[in-house]
Amino acid sequence: YHMFDFLRQSLTREHATTAAALLTIRVLEPSGIFPPGQLELLLATKPPHPGAQAAAPVEWVSEGAWAWVQALSSVPALSHVAREIESASDRWNHWVHHPTPEAVDPPGPAARGSPLEKVL
Numbered sequence: 002y003h004m005f006d007f008l009r010q011s012l013t014r015e016h017a018t019t020a021a022a023l024l025t026i027r028v029l030e031p032s033g034i035f036p037p038g039q040l041e042l043l044l045a046t047k048p049p050h051p052g053a054q055a056a057a058p059v060e061w062v063s064e065g066a067w068a069w070v071q072a073l074s075s076v077p078a079l080s081h082v083a084r085e086i087e088s089a090s091d092r093w094n095h096w097v098h099h100p101t102p103e104a105v106d107p108p109g110p111a112a113r114g115s116p117l118e119k120v121l
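Numbering-wise (the numbering used here), the sequence shown opens with residue 2 and increments by one.
This is how it looks when you write it as structure tokens:
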């Protein structure tokens with residue numbers, strides 16, 4: 002407890018949530034609650050294969066964002082997202098530009114994903 006209390010006191014308010022999230026992830030990780038590959042993708046700071054992406058097939062997605070969409074293909078439950086964005090571009094564009102996209106389900110089969118898959 003002393004270590005946690007020391008850490009809590011030394012963090013600024015802005016960093017406390019990040020530290021709490023990282024601590025929670027670290028505690029839960031050994032339980033196997035995170036499917037393989039999903040945690041790494043969630044915590045990544047850049048797409049896994051930055052040189053391998055093609056240009057975004059829809060104009061409202063930047064090349065950087067499309068690189069992340071392509072990275073989702075490595076997660077079996079999300080391998081369909083890139084194709085869905087291409088085929089249902091208008092619905093995905095509406096969802097992405099929604100004032101609070103995190104509060105509404107994404108279009109298509111992605112809506113049936115786990116909470117972690119929806120965050121990804």
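Idealized CB from N, CA, C, for every residue including glycine.
Endpoints, the alpha helix (DSSP H) within which residue i is located
i: Ser75; result: Where Ser75 is concerned, there is no enclosing alpha helix (DSSP H), given that its DSSP letter is neither H nor E.
i: His81; result: Where His81 is concerned, there is no enclosing alpha helix (DSSP H), given that its DSSP letter is neither H nor E.
i: Lys47; result: Where Lys47 is concerned, there is no enclosing alpha helix (DSSP H), given that its DSSP letter is neither H nor E.
i: Arg92; result: 90–97
i: Thr25; result: 14–29
i: Ser11; result: 3–11
i: Val120; result: 116–120
Reference residue i, options the options, closest by Cα
i: Arg113; options: Ile86, Asp91, Ala78; result: Ala78
i: Leu44; options: Val59, Leu24, Arg14; result: Leu24
i: Val59; options: Val105, Val97, Glu30, Phe35; result: Val97
i: Val62; options: Pro107, Leu12, Glu87; result: Glu87
i: Thr46; options: Glu85, Trp69, Leu117; result: Trp69
i: Ala89; options: Lys119, Pro102, Pro110; result: Pro110
i: Glu85; options: Pro107, Gly65, Ala22; result: Pro107
i: Glu118; options: Trp93, Thr101, Arg92, Ser80; result: Ser80
i: Leu121; options: Asp91, Pro48, Phe7, Glu64; result: Pro48
Contacting residues, own chain, Cβ-Cβ under 8 Å from residue i (five flanking each side not counted)
i: His99; result: Val105
i: Glu30; result: Leu40
i: Arg92; result: Pro108, Gly109
>> Using 8 Å as the cut-off, can you tell me whether the stretch 33–48 makes contact with the stretch 56–74, which would need three or more C-beta pairs spanning the two stretches below that distance?
In response: Counting Cβ pairs under 8 Å, three or more are found: they touch.
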